[in-house]
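A quick write-up on the structure given underneath.
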Amino acid sequence: MDDADDAKAVARCLEGEGDAYEAIVVRYQRGLFNVALRMLGNYEDARDATQTAFVKAYEHLDSFDSGQRFFNWLYRILKNECLNVLRARRPESSVSLDLPAGRGADPVEVRERQQAIQTALLNLSMEYREVVVLRHFTELSYDEIASTLGIPPAKVKSRLYTARQQLGDLLVDWRVTR
Amino acid sequence: MTNIDDPWPDGDDASRMLKELPDVDPPSTIVGTVMSTIANRARGQATPQTVFVLRGRTMARRMLWIVAAAAAVALAALRLPGYPPVDKGTEATIGAAQRYQAAPISSADVKAQDGELQAFLHSDVFRQLAADQVAQQALKNKDFQRALADASVRAALASPDVRAAIVDSARNANADARIGAAAGVRADAARNARLDAVLQSSAALRAALAAPGVAQAIASASLGAALARPDMALALSHDAAVNAVLGASGAALDAAVAPNPAANAAKHAAPNAH
Chain A
1 MDDADDAKAV ARCLEGEGDA YEAIVVRYQR GLFNVALRML GNYEDARDAT
51 QTAFVKAYEH LDSFDSGQRF FNWLYRILKN ECLNVLRARR PESSVSLDLP
101 AGRGADPVEV RERQQAIQTA LLNLSMEYRE VVVLRHFTEL SYDEIASTLG
151 IPPAKVKSRL YTARQQLGDL LVDWRVTR
Chain B
1001 MTNIDDPWPD GDDASRMLKE LPDVDPPSTI VGTVMSTIAN RARGQATPQT
1051 VFVLRGRTMA RRMLWIVAAA AAVALAALRL PGYPPVDKGT EATIGAAQRY
1101 QAAPISSADV KAQDGELQAF LHSDVFRQLA ADQVAQQALK NKDFQRALAD
1151 ASVRAALASP DVRAAIVDSA RNANADARIG AAAGVRADAA RNARLDAVLQ
1201 SSAALRAALA APGVAQAIAS ASLGAALARP DMALALSHDA AVNAVLGASG
1251 AALDAAVAPN PAANAAKHAA PNAH
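These protein sequence lines map, in sequence, to chains A and B.
In terms of the working numbering, the first sequence opens at residue 1 and continues consecutively.
In terms of the working numbering, the second sequence opens at residue 1001 and continues consecutively.
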């Protein structure tokens, strides 16, 4: 399924074939969910934000500009949902970082490292966090990220540079000499 | 220094560490939840302008407003002083009767139970209960009153053995505050099939027994006497009877019941009988 297929599915939905939307959900659920997960650091919040974004997108399909990529439009809806979740969180509330662990020799150490990395990610401002997440957890190119965010590619690169510097500082105690 | 045109060179520490975060499988429910929400909208079962998906469930904004409005109205009705309005001639008794803030019942409800209520108000059981503050502790508990609306609960509580088991269990539970009265009662119920059955059948009774003091109050002599008589126990399941008991206590009761106990007690019950 590619961008042309997206456009066809959207057109069918607008003609009353709601089932056509399922292909879109199937195509983007993994990418969108992982973006939300890294933006929010919480599995349930990421699931809810993803579901809500899909439903809202469907309800406003008639406002989608078929001249742009569907993912770009969908991402902006998801980002707004993530911002809503973050705004609704009380400052003192703790975020559950009990995320699925990857493979590693010591599961406890792996989980601790992953939590530290996720926490560092959450400490970045949204404009830095989103470029990191889009670059690292989706397969978007710099140009595609620029298109998604509506900023020039050079701006994407400068934000990535700053974000990487900040992450390096936040994770200085977790660096491993290789 | 890192080249700003290539901010993610291989081997970069931050880049390597970010790659340690796994790509997580999305929840298997996403497609189903989204499509069912959309399908409901298409069928007109839900016509939200905006649908919130919370903890896997969908809720329309309109429904949120309806629930919020209903809750606000209910709260206002419960909190509004002087509601429901009082009939002329009963103003003097309203202060005492309103101490029990149970939901008001309709006049039709009272008429249907008039015979039982009158018999109750004429009884010694009524006077004993009105003078027994321990028993009133149980009667003030709305869960307990709801439990009494169940005939099987009344029948079970009519048994001295069941009441004794409740009290014994509550005493045991009090020895360990972490367990709580209801947990203690349930533990005892394992040894008492009858109590077990009634606890299983009545969520209201379980809730009532979890409240402090209710289990002990059931042991009071006057409440025991009332529960032992089916007609009295049935009367206690009605708001008017409970209001009468809670509103007619102490010296006021003595003064009121001297010339005509039934008439005075009925007067106490009247304010809520609209």
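The beta carbon of each residue, even a glycine, is placed where N, CA and C say it ideally should be.
Item: Could you compute how far the alpha carbon of Gln166 of chain A sits from the alpha carbon of Leu124 of chain A?; Value: 8 Å
Item: In this structure, does DSSP put Asp1012 of chain B in helix, strand or coil?; Value: coil
Item: Measuring alpha carbon to alpha carbon, tell me which residue in B:Leu1018, B:Asp1239 and B:His1238 is nearest Leu122 of chain A.; Value: B:Leu1018
Item: Please report how far the alpha carbon of Ser1275 of chain B lies from the alpha carbon of Tyr21 of chain A, in whole angstroms.; Value: Any answer about residue 1275 of chain B is impossible in this case: the structure gives chain B only from 1001 up to 1274.
Item: Taking 8 Å as the CB-CB limit, is Ala1042 of chain B close to chain A?; Value: yes
Item: Cα separation between Phe1126 of chain B and Asn42 of chain A?; Value: 58 Å
Item: Quick one: any contact between the region 1198-1206 of chain B and the region 1138-1158 of chain B, if contact means 3 or more CB pairs under 8 Å?; Value: yes
Item: Using the C-alpha atoms, what's the distance from Phe71 of chain A back to Asp2 of chain A?; Value: 11 Å
Item: Tell me the rounded alpha-carbon separation between Pro1230 of chain B and Glu59 of chain A.; Value: 59 Å
Item: Whole angstroms is fine: what's the gap from Ser1028 of chain B's alpha carbon to Ala46 of chain A's?; Value: 13 Å
Item: Please state the DSSP three-state secondary structure of His136 of chain A.; Value: helix
Item: Nearest chain B C-beta to Arg87 of chain A closer than 8 Å, yes or no?; Value: no
Item: Would you call the region 1218-1235 of chain B and the region 1131-1138 of chain B in contact, with 3 or more CB pairs under 8 Å?; Value: yes
Item: Using CA atoms only, rank isn't needed, just tell me which of A:Leu170, A:Val132 and A:Leu140 is closest to Leu37 of chain A.; Value: A:Val132
Item: Kindly indicate if chain B contains any beta-carbon less than 8 Å away from that of Leu83 of chain A.; Value: no
Item: For chain B, find out if any of its Cβ atoms is closer than 8 Å to the Cβ of Gln68 of chain A; answer yes or no.; Value: no
Item: Three-state secondary structure (DSSP) at Pro1160 of chain B?; Value: helix
Item: Taking the alpha helix (DSSP H) that Pro153 of chain A falls in, what are its first and last residues?; Value: Pro153 to Leu170
Item: Smallest Cα separation from Lys184 of chain A: which of A:Gly67, A:Thr148 and A:Ala154?; Value: Residue 184 of chain A falls outside the range modelled here, since chain A spans only 1 to 178, and no answer is possible.
Item: For Asp1025 of chain B, which of helix, strand or coil comes out of DSSP?; Value: coil
Item: Just to check my reading of the structure: Ala1248 of chain B and Ala1119 of chain B have Cβ atoms closer than 8 Å, yes? What is that Cβ distance to the nearest angstrom?; Value: Incorrect: roughly 16 Å between the Cβ atoms, too far for contact.
Item: At least one CB of chain A closer than 8 Å to the CB of Glu1020 of chain B: is that the case?; Value: yes
Item: Interface residues of chain A around Ile1038 of chain B at Cβ under 8 Å?; Value: Gly18, Tyr21, Val55 and Tyr58
Item: Check whether the Cβ atoms of Leu74 of chain A and Ala57 of chain A sit closer than 8 Å, and answer yes or no.; Value: yes
Item: The alpha helix (DSSP H) that contains Lys1019 of chain B, what's its start and end?; Value: Careful: Lys1019 of chain B lies outside any alpha helix (DSSP H) and carries neither H nor E.
Item: Run through the region 1134-1159 of chain B for me and flag every whole alpha helix (DSSP H) of 4 or more residues, listed as ranges in chain order.; Value: 1142-1148 and 1151-1157
Item: Do Arg1163 of chain B and Ala1233 of chain B have their beta-carbon atoms positioned less than 8 Å apart in this structure?; Value: no
Item: In angstroms, rounded to a whole number, what distance separates the CA positions of Ala146 of chain A and Glu127 of chain A?; Value: 12 Å
Item: So with Cβ pairs under 8 Å, would you call Gly41 of chain A a contact of chain B?; Value: no
Item: Is the Cβ of Thr50 of chain A closer than 8 Å to any Cβ of chain B?; Value: yes
Item: Just checking: is the beta-carbon of Ala1240 of chain B within a distance shorter than 8 Å of some beta-carbon in chain A?; Value: no
Item: Mapping DSSP to helix, strand and coil, what is Ser1237 of chain B?; Value: coil
Item: Can you give the Cα-Cα distance for Arg1016 of chain B and Val10 of chain A, rounded to whole angstroms?; Value: 38 Å
Item: Who are the neighbours of Phe33 of chain A on chain B, taking C-beta pairs under 8 Å?; Value: Val1024, Pro1026, Pro1027 and Ile1030
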